[in-house]
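The number in our numbering is simply the position in the sequence shown, starting from 1, with 1 added.
This report concerns only the one structure given below.
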Amino acid sequence: MAKRFCRDHYALYCERYQVTMKILFATPPVSRTFLYGELREAGSAAPALGLLMLAAVARGQGHEVAVLDGVAMQLDAGSFAARLTAFSPALLALSATTFTVAAAAAAAAEFKQKHPAGLTVIGGPHVSAAAEETMARFPAFDLAVIGEGEAALADLLQALDAGAPLTSVAGLVVRVGEGLTATAPRTPIADLDALPAPAWDLLEGFPQRYAPAPFKVRQLPAASLVSSRGCPNRCLFCDRSVFGDRCRFHSAESVVALVRTLRQRFGVREVCFEDDTFVTHRPRLKAICERLIELDLGVTWNCLARVNQVTAEPLDLMRRAGCWQVSYGIESGSQAVLDLIGKQATLAQIRQAVAMTRDAGLRAKGFFILGHPGETPGTLRETIDFALSLPLNDISVSLMTPFPGTELHRRATEFGTLIPDWDRMNLLTPAFVPHGLTAEALLAAQRELLRRFYLRPRVFADYAGRVARQPSLALPLLRGGMAVLKTVRHD
Numbered sequence: 002m003a004k005r006f007c008r009d010h011y012a013l014y015c016e017r018y019q020v021t022m023k024i025l026f027a028t029p030p031v032s033r034t035f036l037y038g039e040l041r042e043a044g045s046a047a048p049a050l051g052l053l054m055l056a057a058v059a060r061g062q063g064h065e066v067a068v069l070d071g072v073a074m075q076l077d078a079g080s081f082a083a084r085l086t087a088f089s090p091a092l093l094a095l096s097a098t099t100f101t102v103a104a105a106a107a108a109a110a111e112f113k114q115k116h117p118a119g120l121t122v123i124g125g126p127h128v129s130a131a132a133e134e135t136m137a138r139f140p141a142f143d144l145a146v147i148g149e150g151e152a153a154l155a156d157l158l159q160a161l162d163a164g165a166p167l168t169s170v171a172g173l174v175v176r177v178g179e180g181l182t183a184t185a186p187r188t189p190i191a192d193l194d195a196l197p198a199p200a201w202d203l204l205e206g207f208p209q210r211y212a213p214a215p216f217k218v219r220q221l222p223a224a225s226l227v228s229s230r231g232c233p234n235r236c237l238f239c240d241r242s243v244f245g246d247r248c249r250f251h252s253a254e255s256v257v258a259l260v261r262t263l264r265q266r267f268g269v270r271e272v273c274f275e276d277d278t279f280v281t282h283r284p285r286l287k288a289i290c291e292r293l294i295e296l297d298l299g300v301t302w303n304c305l306a307r308v309n310q311v312t313a314e315p316l317d318l319m320r321r322a323g324c325w326q327v328s329y330g331i332e333s334g335s336q337a338v339l340d341l342i343g344k345q346a347t348l349a350q351i352r353q354a355v356a357m358t359r360d361a362g363l364r365a366k367g368f369f370i371l372g373h374p375g376e377t378p379g380t381l382r383e384t385i386d387f388a389l390s391l392p393l394n395d396i397s398v399s400l401m402t403p404f405p406g407t408e409l410h411r412r413a414t415e416f417g418t419l420i421p422d423w424d425r426m427n428l429l430t431p432a433f434v435p436h437g438l439t440a441e442a443l444l445a446a447q448r449e450l451l452r453r454f455y456l457r458p459r460v461f462a463d464y465a466g467r468v469a470r471q472p473s474l475a476l477p478l479l480r481g482g483m484a485v486l487k488t489v490r491h492d
């Protein structure tokens, strides 16, 4: 299915129908303060890759397409509405998270008020996990795309042009009269190489305007890539409603071609690989690294990895291919908590992976979550002590958030108190409090860990060295550092 609609279907469809529908792909206008609070200067402005993929699909079918990333561009509601009105699309396709879906609904409602005949579509991880609840709560959405959107969008646009009922398109929840109709589920796309490249050229000011978080890059301009989809792991807090639980990979040739395009066409000097399974497929990883070494594009990159999937040999090859940092989802310093959340990792494996990463000449970053099921004052202390004992260069400390669609969301009341307010689910505001703890205790532990980690002389010297080596990052790093200091100042 994926090969046909992406390789053959585009040309045949455009030749037959000569499509000219105007489509705007957008994320809602929300402020950096709304997203990140006091950490706004340390937050990311990276564009929504999913939207860029969908825009490429629609453009490939001959439609007039624009992208308006309200999140990355930091547009206020008025500026967003003005741009929306100026483009005047027939179809508004919005992507949102749990935290931003209300803002997306407000944008859809304003669009419908000015364009009653227009069609509004909502997609993204939140609606894939809670489609009918979202559609019932926000009547401005006409239909929702469930899971991967590329094939569903291609079939939706064909149905619209042919005048076919939208309920004939798989992978949707459609508003029909006063009710909702869920169509047949859609099979995951098997051949990711059949998909078009993200439509980066549709982003105003790309790549300079869309920098990832300052702690995440070594040089600018930078861009993000996702080179695989699906995750076979069963962590209690993760949602697999979009990409599923089977790993699918872009080929090494496809990944390198995208990096090459970013470098040669857009001047990108840093690539952030955002997929958790980047290092899982060892032959592919080796081929990617060897080809990057051969091409010598002058691109540095960083990636994510699981602690039980790294060894010394690929880490050394990754460094020679331009990798400078590997980030690990460590989550907790308590083995009991790791076991309860299904992390399938041990403290010994974590310690070994971080040590191997540093020994290979790479920076190591750790992601931690506070407030897990089964969390106690004692396990919080274990996590703080464990994090400080590791030779990490950077950390990120979030609060446990049981997003809709996760196993934890379904079982939250077994382990604590869930605050079912979608506007709180930003990883920084307590939305779940384990039995025996308080929201204040979780926030205090977060501040303590950040303060004790970043105010150490070793970490300060490390960042001073980064600024000396890359002066262009001095201002972003300074702003990010000040944001962290503001966050921890309360203790």
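For glycine and all other residues, C-beta sits at the position ideal for the given N, C-alpha and C.
If you're wondering where the values come from, they're calculated on a predicted model, not measured in any experiment.
- For S255, DSSP assigns no beta-bridge partner whatsoever.
- Apart from the 5 residues on each side of it in sequence, A388 sits with its Cβ closer than 7 angstroms to the Cβ of G334, G367, F369, I396, L450 and F454 in its chain, given in chain order.
- Taking one beta carbon from each stretch, the region 79-88 and the region 175-194 have fewer than 3 pairs nearer than 8 angstroms; the two do not touch.
- When DSSP states are grouped into helix, strand and coil, T358 belongs to the helix group.
- The alpha carbon of V355 has as its nearest neighbour, out of N309, A130, R382 and R467, the alpha carbon of N309.
- The beta-bridge partner set that DSSP reports for L181 consists of R176.
- For the 7 angstroms CB-CB criterion, R285 and A253 form a contact.
- Contact annotation: A56 and F26 have beta-carbon atoms nearer than 7 angstroms.
- Note on geometry: alpha-carbon atoms of R210 and T377 lie some 42 angstroms from one another.
- Under the 10 Å beta carbon count, S390 is surrounded by fewer than 16 other beta carbons and is classified as exposed.
- Per DSSP, E291 is one residue of the alpha helix (DSSP H) stretching across R283 to L296.
- Each of T99, A153, A160 and P166 was checked against the Cα of F139, and the nearest Cα belongs to T99.
- Using a Cβ distance threshold of 7 angstroms, Q336 and R364 do not count as a contacting pair.
- Taking the C-beta atoms as reference points, A145 is found nearer than 7 angstroms to A132.
- DSSP, reduced to helix, strand and coil, places F88 within a helical segment of the structure shown.
- Within the region 414-440, the complete beta strand (DSSP E) segments at least 3 residues long are 417-419 and 433-435, listed from N- to C-terminus.
- By the Cβ rule, the region 45-55 counts as touching the region 69-76, because three or more pairs are nearer than 8 angstroms.
- With fewer than 16 other CB atoms across the displayed protein chains lying within 10 angstroms of its CB, R247 is exposed.
- A165 counts as exposed, since fewer than 16 other beta carbons sit within 10 angstroms of its beta carbon.
- Note on D422: under 16 other CB atoms within 10 angstroms of its CB, so exposed under the neighbour-count rule.
- Segment contact: the region 340-348 against the region 182-199, fewer than three CB-CB distances shorter than 8 angstroms; contact not assigned.
- Contact check for T358 against G323 fails: the beta carbons are separated by 7 angstroms or more.
- Each of R261, P29, S225 and G63 was checked against the Cα of V102, and the nearest Cα belongs to P29.
- Burial of I24 is indicated by the presence of at least 16 other C-beta atoms within 10 angstroms of its C-beta.
- A residue is called buried once 16 or more other Cβ atoms fall within 10 Å of its Cβ, and R411, having fewer, is exposed.
- Pairing D277 with V227 gives a Cβ-Cβ distance that is not under 7 angstroms.
- One alpha carbon belongs to I331, the other to A446, and they sit about 16 angstroms apart.
- A residue is called buried when at least 16 other Cβ atoms come within 10 angstroms of its Cβ; D386 does not meet this threshold and is exposed.
- Under DSSP, L363 shares a beta bridge with no residue.
- Under the three-state reduction of DSSP, E205 is assigned to coil, being neither helix nor strand.
- Taking V128 as the centre and dropping the five residues before and after it, the same chain places the C-beta of T135 and A145 closer than 6 angstroms to its C-beta, in chain order.
- Distances from the CA of K287 to each of L203, L221 and V257 were compared; the closest alpha carbon is that of V257.
- A check of alpha carbon separations from V280 across L296, F267, D317 and R261 identifies D317 as the nearest.
- DSSP places I342 outside any alpha helix (DSSP H), giving it a letter other than H or E.
- Sequence-distant partners of G51 (beyond 5 residues in either direction) whose C-beta falls short of 8 angstroms from its own C-beta, in its chain, are S96, G124, G125 and G150.
- The shortest C-alpha to C-alpha distance from G406 to any of L237, Q353 and N303 is the one to L237.
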